[in-house]
Each structure stands twice: as C-alpha cells, then as structure tokens.
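Taking the working numbering, I'd label the letters of the sequence shown as residues 9 to 289. Virtual Cβ for every residue (Gly too), placed ideally from N, Cα, C. Working notes for the structure below.
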Amino acid sequence: MDVEDSQYGYIPHEYVAIIFIVLFGISTILHIGQATYYRMWWLLPTACLCGIGELVGWSGRLWSSFSPSFSNPFMMQITSTIISPTPLIAVNFILLSWIVTRLGSCYSRLTPIWYTIIFVSCDILALVIQGAGGGIASSSTTLSGANLGANIMLAGIVFQFVAIITYSALAADVLRRYHKDLPVRRTPNDRGLMDGKLKTMIAALAFSTLVLFIRSIYRIIELANGWHGHIIHTEVYFNVLDGGMVVLAIFTINFAHPGRLLGTQRDAYTEKTHSRGSSRS
9 MDVEDSQYGY
19 IPHEYVAIIF
29 IVLFGISTIL
39 HIGQATYYRM
49 WWLLPTACLC
59 GIGELVGWSG
69 RLWSSFSPSF
79 SNPFMMQITS
89 TIISPTPLIA
99 VNFILLSWIV
109 TRLGSCYSRL
119 TPIWYTIIFV
129 SCDILALVIQ
139 GAGGGIASSS
149 TTLSGANLGA
159 NIMLAGIVFQ
169 FVAIITYSAL
179 AADVLRRYHK
189 DLPVRRTPND
199 RGLMDGKLKT
209 MIAALAFSTL
219 VLFIRSIYRI
229 IELANGWHGH
239 IIHTEVYFNV
249 LDGGMVVLAI
259 FTINFAHPGR
269 LLGTQRDAYT
279 EKTHSRGSSR
289 S
C-alpha cells in the first residue's frame, strides 16, 4: 500500500498500535479492579471509560496499519483518541475537591463541592462538543463537512484547555495559601495535615495534569493545522504527544490510586473532624 493512499499521510506502525492496546488494556483492567476493591464506583465512568475509549481508538489505528486507505478506522481512531481523555481529566477535577477537604476549605476560593460541580460540568460540556464534532466529521462525505467537524472538536478541546488552566491556577492558589497559612476566610481549626500520602497524591495529580496539558496543546495545534497539516501527518508526534501522554496520565492514577492514598470522601471528612478534635484537646 502506497503512503499516498493513506488517510494519515503515513502508514501507522502495527507494533506501535499493539503496544498501546496492551498498555491501555492493562491500565483499564487495573482500574476496574481498583475501583471495585476500594468501592470507588465513580472511577468506572471516568478512568475506566477513558481506557476503553483509548482501546477503541488504538484498535482503529491497528486496523489502519493493514488498511490505511479506509476511512472508517481513520475516523474511528481520531474521534476516540480525541474524546477519550476527557473522562480522565474529570478524575483530576474530582480529586482536587478531595485534597481541598483534607487541607482545609478555608484556603480555597471555592468550597470543595464546587470544584466537582463546576469543572466536571465543563468536562461534560467539552465531551458533548467534541462528540458532536467527531460525529459530524466521521459521517461527512465532503471535505467541508469533515473540516466543520474538526473545527467543532477543536472548539471542545480549547474549552477543555481553558478549564484545565483555570483548575490548575485554583489548585496552585490553594497550595500557596496552605503553605503560607493565608486562608481566604478565617475558620477555627480548619487547617488539615499534609502527610506523606497526601503529598504523593498532590504530586501525582500535578504530573497527571501536566501531561494532559501537554496533550491538549498538541491536539489544538494538530486540529488547527487541518487534515493535511504537517502535525497530523507525522506519526511520532501522535505516538508521543497524544498516546504517550495519556498512558502516563492513566497509569499515574493506577500507581498513585486515591483509594490507597486518600480513602473515600467520607474518610477525608472523618479524618478532618478527628484532627479538629485533636487540636482542641
């Protein structure tokens, strides 16, 4: 098969697709087991859903390694790999609210529940926009229709990117205020303890956010350059800056699992109440 006939501008390497399928398969199985063990069922429609979506996307690329001129596997992989990390980003948004509960809501401009409400809502909206764009692009039979779908997906990614930046700024502000003991509002005995597990969770969350941030920048540049741009036609960029970044993010949550490091949100509240009682005594 000639490269000129490929939808990609190159022929996807079979072994690369297999490696990513294996990696995402392992992580997804681990996430299902961990979600069940720690009874964190909310990780099923977030981290696990991301893994399943990436499996679909990379299966499309594996299919394309045999049939690079077929449009179905091409649209299958580009839509799935663009949309799938969105549920994983929601994990980061939710975990920030848990961390704020542990450190003390007095150091945050938002109460913990509002991090979940605002940013998960933004994540869902970004998912809807990206899904709509992917649907238009995959069902289109004309270049103009495909471009419209790509532009809608781009809008969804940009919206998500802005949400990540805002979330990161708020998280950094919480940590700065905690370390300098500069609460937004004075609440007696609201300061929590930052133990080793919490430090590990914060570091993992920062790393996961960073690699997903890098991936978002890549996707924005890729889609902004169009279907025939240099970025989308270079395989190594996709493998490293999309697949590689999402692998790092999803495995980070496996290794630094909130069930092991934080427990449940109820555990966070109980521990916080206990620490308040200890400080009063």
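| task | Identify whether SER283 lies in helix, strand or coil by the three-state DSSP scheme. | result | Within the sequence shown, the letter at position 275 stands for residue 283. Bear in mind that a pLDDT of 48 at SER283, under 50, signals an unreliable position, so the model cannot answer this.
- Mind listing, in chain order, the continuous alpha helix (DSSP H) runs of no fewer than 4 residues lying wholly within the segment 192 to 245? If we require 4 residues or more, the alpha helix (DSSP H) runs fully inside the segment 192 to 245 come out as 204 to 232.
### Query
Between GLY17 and the rest of its own chain, which residues show a CB-CB distance below 6 Å, the 5 nearest in sequence each way excluded?
Numbered from its first residue, the sequence shown carries residue 17 at position 9. The residues are HIS241.
* Once you ignore the five residues that flank MET253 on each side, which residues in its own chain have a CB closer than 8 Å to its CB? -> Stepping through the sequence shown from its first residue, residue 253 is reached at position 245. The beta carbon of MET253 sits closer than 8 Å to those of VAL219, LEU220, ILE222, ARG223, TYR226, all from its chain and outside the five residues before and after it, given in chain order.
Rounded straight-line distance, which links the Cα of LEU178 to that of SER286: The residue labelled residue 286 in the question sits at position 278 within the sequence shown. The residue labelled residue 178 in the question sits at position 170 within the sequence shown. The predicted position of SER286 is uncertain, since its pLDDT is 47 and thus under 50; no value can be drawn from it.
Quiz item: Is GLY141 closer than 7 Å to GLY157 when the C-beta atoms are compared?
Solution: By 1-based counting over the sequence shown, the position of residue 157 is 149. By 1-based counting over the sequence shown, the position of residue 141 is 133. Taking the C-beta atoms as reference points, GLY141 is found nearer than 7 Å to GLY157.
Residue environment, ASP250, which counts as buried when at least 16 other CB atoms sit within 10 Å = Stepping through the sequence shown from its first residue, residue 250 is reached at position 242. Around the Cβ of ASP250, a 10 Å sphere holds 16 or more other Cβ atoms; the residue is buried.
Item to complete: Let me know if HIS236 comes out buried or exposed under the rule of 16 or more other beta-carbons within 10 Å of its beta-carbon.
Response: Taking the sequence shown and counting its residues from 1, the one referred to as residue 236 is at position 228. The residue in question, HIS236, is exposed, as its Cβ has fewer than 16 Cβ neighbours within 10 Å.
Beta-carbon within less than 7 Å of SER14's beta-carbon, same chain only, minus the 5 sequence neighbours each way: which residues are those? As a first step, residue 14 is located in the sequence shown; it is residue number 6 there, counting from the start. In its chain, beyond the 5 residues on either side, PRO76, SER77 have a beta carbon closer than 7 Å to the beta carbon of SER14.
Next on the checklist: Buried or exposed, going by whether 16 or more other CB atoms sit within 10 Å of the CB of ASN100?
Outcome noted: In the sequence shown, counting from the first residue as 1, residue 100 sits at position 92. The residue is buried, with at least 16 neighbouring Cβ atoms inside 10 Å.
**Request:** Locate the alpha helix (DSSP H) running through GLY143, then write down its first and last residues.
**Result:** Start at 1 with the first residue of the sequence shown, and residue 143 comes out as number 135. Residues 120 to 147.
* Anticipated Cβ contact below 8 Å, SER72 with PHE82, distance rounded -> As a working mapping, residue 72 is identified with position 64 in the sequence shown. As a working mapping, residue 82 is identified with position 74 in the sequence shown. Yes, SER72 and PHE82 are in contact; Cβ-Cβ is about 6 Å, under 8 Å.
Problem - Best match in TRP122, GLU12, ALA98, THR87 for proximity to ALA257 [C-alpha to C-alpha] - result: Taking the first residue of the sequence shown as position 1, residue 257 is located at position 249. Its Cα nearest to that of ALA257, the residue ALA98 stands out among TRP122, GLU12, ALA98, THR87.
**OP:** Throw me the rounded Cβ distance for the ASN247 and VAL64 pair, which I believe falls under 8 Å.
**Re:** As a working note, residue 247 is residue 239 in the sequence shown. As a working note, residue 64 is residue 56 in the sequence shown. Actually they are not in contact, since the Cβ atoms of ASN247 and VAL64 sit about 17 Å apart, beyond 8 Å.
| said: Rounded to whole angstroms, what is the Cα-Cα separation between LEU213 and LEU270? | reply: Stepping through the sequence shown from its first residue, residue 213 is reached at position 205. Stepping through the sequence shown from its first residue, residue 270 is reached at position 262. Their backbone Cα atoms lie some 12 Å apart in a straight line.
Nearest residue (CA-CA) to ALA84, options ASN155, ALA145, LEU51: Locating residue 84 in the sequence shown gives position 76, counting from the first residue. First, the residue type needs correcting, since residue 84 is Met and not Ala in the sequence shown. Of all alpha-carbon atoms in ASN155, ALA145, LEU51, the one lying nearest the alpha-carbon of MET84 is that of ALA145.
Among GLY41, LEU70, HIS39, the one whose alpha carbon lies nearest that of ILE27 | If you number the sequence shown from 1, residue 27 lands on position 19. For the options GLY41, LEU70, HIS39, the alpha carbon positioned closest to that of ILE27 is the one of LEU70.
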